[in-house]
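S.K.:
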Amino acid sequence: MSIFQAITEEEDRIDQGDVFVDIYFATNDERVNAVVISPTCDLEHNKADYVKFISTVAFELVIMDILMNHSRVDQSDFESGQTISKKKYNSAMNAIQHNINGDLLPRYYFLPGYSHFLPDSYLDFQMVFVIPLQQVYESYLTNRVTRIASPWREQIAIRYSGYSVRVGTPDYSESDLQSLLIKAGLKLPPYTSTA
2 MSIFQAITEE EDRIDQGDVF VDIYFATNDE RVNAVVISPT CDLEHNKADY
52 VKFISTVAFE LVIMDILMNH SRVDQSDFES GQTISKKKYN SAMNAIQHNI
102 NGDLLPRYYF LPGYSHFLPD SYLDFQMVFV IPLQQVYESY LTNRVTRIAS
152 PWREQIAIRY SGYSVRVGTP DYSESDLQSL LIKAGLKLPP YTSTA
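Per my numbering, the sequence shown runs over residues 2 to 196.
(1) Going by DSSP, name the residue or residues bridged to Ile149.
(2) Look at Lys53 and Val129 and say whether their C-beta atoms are less than 8 Å apart.
(3) Threshold first: 3 residues or longer. Then list the beta strand (DSSP E) segments lying entirely within the segment 61-109, N to C.
(4) Measure the alpha-carbon distance for Arg167 versus Val37 and round it to whole angstroms.
(5) Can you check which of these residues, Gln83, Ser116, Asp177, is closest to Ser3 by C-alpha distance?
(6) Is the beta carbon of Ile55 sitting closer than 8 Å to the one on Leu124?
(7) Do you know offhand how far Glu45's Cα is from Asn144's?
(8) Count the other CB atoms within 10 Å of the CB of Ala196; is the residue buried (16 or more) or exposed (fewer)?
(9) Taking the alpha carbon of Glu61 as the reference point, which residue from Lys88, Glu12, Lys48, Ser122 has its own alpha carbon closest?
(10) Does DSSP put Tyr173 in a helix, a strand or coil?
(11) With a threshold of 8 Å on Cβ separation, who are the neighbours of Asn95 within its own chain once the five nearest residues in sequence on each side are excluded?
(12) Let me check understanding here. Comparing Cα to Cα, which of Pro120, Asp50, Leu68 lies closest to Tyr90?
(13) Where does Phe5 land, buried or exposed, given buried means 16+ other C-beta within 10 angstroms?
(14) Between Leu119 and Asp50, what straight-line distance do the alpha-carbon atoms span, to the nearest angstrom?
(15) With DSSP collapsed to three states, give me the class of Ala59.
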């Protein structure tokens, strides 16, 4: 089963989940690949004057952030060319899996490559932009290469909605967390820092 579905010639209407390549993202003054996030009902019933897109970012940038900040792997592991421990390997695979599932970095959504048009990448829920609907039809319709299939299309919309409307709350302090453990009858053993 593929995350993508072909767009037939008869499907000239832009829809949520359509993947466009090489379109202009004015905020960053660059051309990007992007996915339509505008609701299908708005596009289908002529309620949208603008099409909302989520831009992709390079797979390598996000995956390095995941590995460097959320696993036991560090830069020297890539530079040395040596084998790594099973513990480091499992830590890296676990971090990548948690990210793809949406548990680790909710800002990003993994998007596998599609043919020669789209490399493996991530949707970046902070890189959102709009283009007038008429301009999309006039200037970019030939840049539409595929459509994301259900249920991934809906999952992206839900993940984007959850990310964009989340409310930040203060983090619990270390002493708060220690108090919770003590109340539960648990006490972590002391640790030593290695210099």
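For every residue, glycine included, the Cβ atom is placed at its ideal position computed from N, Cα and C.
These figures come from a predicted structure and were not determined experimentally.
M.R.: Answer, in terms of the structure:
(1) Taking the first residue of the sequence shown as 1, we reach residue 149 at position 148. Answer is Phe5.
(2) In the sequence shown, counting from the first residue as 1, residue 53 sits at position 52. In the sequence shown, counting from the first residue as 1, residue 129 sits at position 128. Closer than 8 Å, so yes.
(3) none
(4) Locating residue 167 in the sequence shown gives position 166, where the first residue counts as 1. Locating residue 37 in the sequence shown gives position 36, where the first residue counts as 1. Distance between the alpha carbons of Arg167 and Val37 is about 21 Å.
(5) Start at 1 with the first residue of the sequence shown, and residue 3 comes out as number 2. Measuring from the Cα of Ser3, the nearest candidate turns out to be Ser116.
(6) Counted from its first residue, the sequence shown places residue 55 at position 54. Counted from its first residue, the sequence shown places residue 124 at position 123. Yes, the Cβ-Cβ distance between Ile55 and Leu124 is below 8 Å.
(7) Position 44 of the sequence shown holds residue 45. Position 143 of the sequence shown holds residue 144. Cα-Cα distance, rounded: 20 Å.
(8) For this step, residue 196 is matched to residue 195 along the sequence shown. Legend: pLDDT at Ala196 = 47, less than 50; position of this residue unreliable, no value from coordinates given.
(9) Counting from one through the sequence shown, the residue named residue 61 turns up at place 60. That would be Ser122, whose Cα lies nearest to the Cα of Glu61.
(10) Taking the sequence shown and counting its residues from 1, one reaches residue 173 at position 172. The answer is coil: DSSP assigns Tyr173 none of H, G, I, E or B.
(11) The residue you call residue 95 lines up with position 94 of the sequence shown. Only Ser72 meet the Cβ criterion.
(12) Residue mapping note: residue 90 aligns to position 89 of the sequence shown, counting from 1. It is Leu68.
(13) Here residue 5 is taken as the residue at index 4 of the sequence shown, counted from 1. Phe5 is buried by the Cβ-count criterion.
(14) As a first step, residue 119 must be located in the sequence shown, where it is residue number 118. As a first step, residue 50 must be located in the sequence shown, where it is residue number 49. For Leu119 and Asp50, the distance between alpha carbons rounds to 27 Å.
(15) The count along the sequence shown starts at 1 and reaches residue 59 at position 58. Strand, per DSSP.
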